[in-house]
Structure formats: structure tokens, C-alpha cells
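K.L.:
So the sequence shown is residues -26 to -1, 1 to 193, counted in mature numbering (1 follows the signal peptide of the UniProt record, and there is no 0).
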Amino acid sequence: MSRLLMTMLAPLLFLMAAIAAPAGHAQTAGEVSSPASFVDVCADKSKERGRLRFCDEYFVQGLGAGADPVLYLRDRITVLRSQHEAAAEAKYESFLTAIYLTAFLAIATMVLVAADRRIPGLARWSTVTVSAALLVLIAAVAVDWLGKYRAEHSAQVEFGLLRDEIEVEAAQRIARGEQVTTDDVRKWTARMHEIGRRFAGHFSEGSATPDFDRFEQDN
């Protein structure tokens, strides 16, 4: 009786083992194919920069061909941000130079006019008037440089925030085993265009003189 029972149960046990094996294999495969953390993939870049940073390899591994728009937008935004950062520094230095020049001319004019008693009254007032006009001109140029600096710095900050947004949202997609969607790309591209248009508006409003070199084709 016992032998007969074992004979009847053997096929059932074999069938159960055959069903359980693929499930265990699938679970193991799922564990192996789980996305790697960007902390591990981008360890070299993070060490080089001294802080946690995303890298192209992470998005390529996690998204495959779907990483192309992410890589392009990251590269384009990084270039634009660097250009705005360099331009902001240059314009702020020009602003400080104009301020120092204004202060120097103002002090020098007052000292010279007050010290030289041989200058007749009319000539003295003429000198003061010309100096005042020059000071006003330099002050206007200083304000112009300040407006340009603010526009450049604002765009620099906004592009940095947009890059962070793209990286974090793409990383969330990778962690969930999803792909970047067309809506994601459209949203990011629209935001990039908004920042560009906003910069152009702020730059033109804050500048009384044209700066054609800032909008060369390679920018």
C-alpha cells in the first residue's frame, strides 16, 4: 500500500518541482537585472567632483536607446549653463570696473577743482559739468553691466535646476524599470525654451546697449 501511494505521488511531486523551478529562476533573473545605483555606476565622477553626480553611463545602462534625449538635453544644458556662468563672471567684473572708475573720477575731479584756485569760475564750472556728464555716462554703463549680469546669473541658476530635474526624474524611471516618455522629453524641452526666452527678455530689458557677441551662432 505504501509503495503504491509513493508510486502515485511521484508524478505529482515531479510536476510540482518542474513548476517551481521556472519561478525560482525568474526571481533570480529579476534580481540580477535590477538597475544598478548611480552611486556605484558614477563613483569615479562623484569622487572627481567631490560630490554625488550623475553620469552618462548610468543613463545608458538604465535606459538603453531611450537615453538619447536625456544625454542630449544634459549635454546641451550643461554647455548653456557654463556659457552663462562665464558671461556672468565677465559682466560682473565689468560692473565692478565701472564702479571703481566712477569713484576714482569723482574723487579726482573734486580734489583737482578744489585744490587749484587758479581756475577761473567759468572754467571751474565747465570742468565740473564735463566731469559730471562723464560720471553719469559711466554710471549708466555700470547699471547696464549689472542688468546683463543679473540676466546671465538667473539663466545659469535656472539651467542648473532644470538639469537636476531631468536627472532625478530619469533616475526614478530607471528605478521603476520604466522608460523616459515622449511627454517627459516635451516637458523638459519646453522648460529649456522658456528659460532661453526669459533670458533674452531679461537681457534686453537690463541692457541699454546691444551686445551682438553674446548671441553668436556658436552660442
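Note that CB positions come from ideal geometry on N, CA and C, so glycine has one too.
Would you report the Cα separation of V15 and D30, rounded to the nearest angstrom?
P.N.:
Residue numbering aside, residue 15 sits at position 41 when the sequence shown is read from its first letter. Residue numbering aside, residue 30 sits at position 56 when the sequence shown is read from its first letter. Using only the alpha carbons, I get a separation of about 10 Å.
K.L.:
Around the Cβ of D118, are there at least 16 other Cβ atoms within 10 angstroms (buried) or fewer (exposed)?
P.N.:
If you number the sequence shown from 1, residue 118 lands on position 144. Buried is the call here.
K.L.:
Just tell me which of V34, R137 and A77 has its CA closest to the CA of V53.
P.N.:
Here residue 53 refers to the residue found at position 79 of the sequence shown. Nearest Cα to V53 within the set V34, R137 and A77: R137.
K.L.:
As a quick exercise: from A125, R124, L120 and A80, pick the residue whose alpha carbon is nearest that of T103.
P.N.:
Taking the sequence shown and counting its residues from 1, the one referred to as residue 103 is at position 129. Checking every option, the nearest Cα to that of T103 belongs to A80.
K.L.:
Below 8 Å on the Cβ atoms is my contact criterion, and I expect V115 with A174 to pass it. Report the Cβ-Cβ distance as a whole number of Å.
P.N.:
Residue 115 sits at position 141 when you count from the first residue of the sequence shown. Residue 174 sits at position 200 when you count from the first residue of the sequence shown. Contact flag wrong, Cβ pair sits at about 21 Å.
K.L.:
Let me see if you follow: with CB-CB separation under 8 Å, is I148 close to chain C or not?
P.N.:
Note that chain C does not occur in the displayed structure, where there is just one protein chain.
K.L.:
Can you tell me whether M166 is buried or exposed, with buried defined as 16 or more other CB within 10 angstroms of its CB?
P.N.:
The residue labelled residue 166 in the question sits at position 192 within the sequence shown. Under this definition M166 is a buried residue.
K.L.:
Taking C-alpha atoms, which residue in L47, K19, L26 and K21 lies nearest to K161?
P.N.:
Working through the sequence shown from its first residue, we reach residue 161 at position 187. Minimum Cα-Cα distance from K161 among the listed residues L47, K19, L26 and K21 corresponds to L47.
K.L.:
Taking 8 Å as the cut-off, decide whether the C-beta atoms of P43 and A149 are in contact.
P.N.:
The count along the sequence shown starts at 1 and reaches residue 43 at position 69. The count along the sequence shown starts at 1 and reaches residue 149 at position 175. Contact check for P43 against A149 fails: the beta carbons are separated by 8 Å or more.
K.L.:
With Q153 as the anchor, note down where its alpha helix (DSSP H) starts and where it stops.
P.N.:
Residue mapping note: residue 153 aligns to position 179 of the sequence shown, counting from 1. Under the DSSP assignment, Q153 falls outside any alpha helix (DSSP H); it carries neither an H nor an E label.
K.L.:
What is the rounded straight-line gap between the Cα of R27 and the Cα of E179?
P.N.:
What you label residue 27 is simply residue 53 of the sequence shown in a count that begins at 1. What you label residue 179 is simply residue 205 of the sequence shown in a count that begins at 1. Cα to Cα, R27 sits roughly 35 Å from E179.
K.L.:
Rounded to whole angstroms, what's the CA-CA distance from H58 to S68? Just pull it up for me.
P.N.:
Within the sequence shown, residue 58 is the residue found at index 84, counting from 1. Within the sequence shown, residue 68 is the residue found at index 94, counting from 1. When rounded, the distance between both Cα atoms is 15 Å.
K.L.:
Rounded to whole angstroms, what's the CA-CA distance from A64 to Q130? Just pull it up for me.
P.N.:
Along the sequence shown, read from residue 1 onward, the residue named residue 64 stands at position 90. Along the sequence shown, read from residue 1 onward, the residue named residue 130 stands at position 156. Roughly 13 Å between the two C-alpha positions.
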